[in-house]
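Under the numbering used here, think of the first position of the sequence shown as 672, with each following residue one higher.
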Amino acid sequence: MEASNKVTVETTVQAPVAKVWEYWTEPTHIKKWNSASDDWHTPIAENDLRAGGKFHSRMEAKDGSFGFDFGGTYDEVKLHEVIAYTLGDGRKVNITFKGQENQTEVIETFDAETTNPIEFQQQGWQAILDNFKKYAESI
């Protein structure tokens with residue numbers, strides 16, 4: 672098996688860490704930002720935010736042409752600081768939240784999968800993170 676390639680995406684959200692955390696973890700909010708482009712959406716989001724807890728979301732093209740499930744199990748949850756989880760396929764994801772006054776840095780590192788080029792994966796995850804930033808700053 673090849674050594675796993677880690678990919679990092681990041682952004683700085685102009686909002687305090689408590690708000691960023693809530694918008695990142697609450698299913699009501701997840702459904703509103705969890706897509707890479709306007710022609711996709713997330714009609715289902717479930718989240719049991721605790722070590723050992725599971726999460727699941729369904730991402731679909733709005734025209735119904737394609738969709739997939741995204742989910743896994745939390746390995747670590749430290750309020751307003753860290754969320755780490757293992758995806759259904761065994762890949763690891765680590766997200767850190769660094770709050771400083773009215774802004775929060777969100778850094779997401781994930782194991783790349785082997786189907787798509789790493790650049791494609793990084794662009795997709797970054798697009799979702801950018802969408803999150805836009806959503807969190809607009810509410």
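Where a beta carbon is used, it is the ideal one built from N, C-alpha and C, also for glycine.
Bear in mind that the values here come from a model prediction, so they are computed numbers and not experimental data.
Own chain residues within Cβ distance below 8 Å of residue i, not counting five before or after
i	result
residue 676	782, 783, 789
residue 691	684, 768, 770, 775, 777, 807
Cβ-based neighbour list, residue i, same chain, cut-off 6 Å, excluding 5 preceding and 5 following
i	result
residue 725	719, 744
residue 679	780
Outcome for residue i when other beta-carbon atoms lying within 10 angstroms are tallied against a minimum of 16
i	result
residue 716	buried
residue 701	buried
residue 759	exposed
residue 775	buried
residue 739	exposed
residue 673	Its pLDDT being 48, under 50, residue 673 is placed unreliably in this model, and the coordinates cannot settle the point.
residue 787	exposed
residue 802	buried
One or two residues paired with residue i in a DSSP bridge
i	result
residue 758	743
residue 782	677
residue 748	754
residue 729	715, 740
Cβ-based neighbour list, residue i, same chain, cut-off 7 Å, excluding 5 preceding and 5 following
i	result
residue 713	701, 702, 705, 706, 728, 729, 730
residue 795	707
Among the options, nearest to residue i - alpha-carbon criterion
i	options	result
residue 747	722, 769, 757, 771	722
residue 742	764, 750, 734	764
residue 751	696, 792, 737, 809	696
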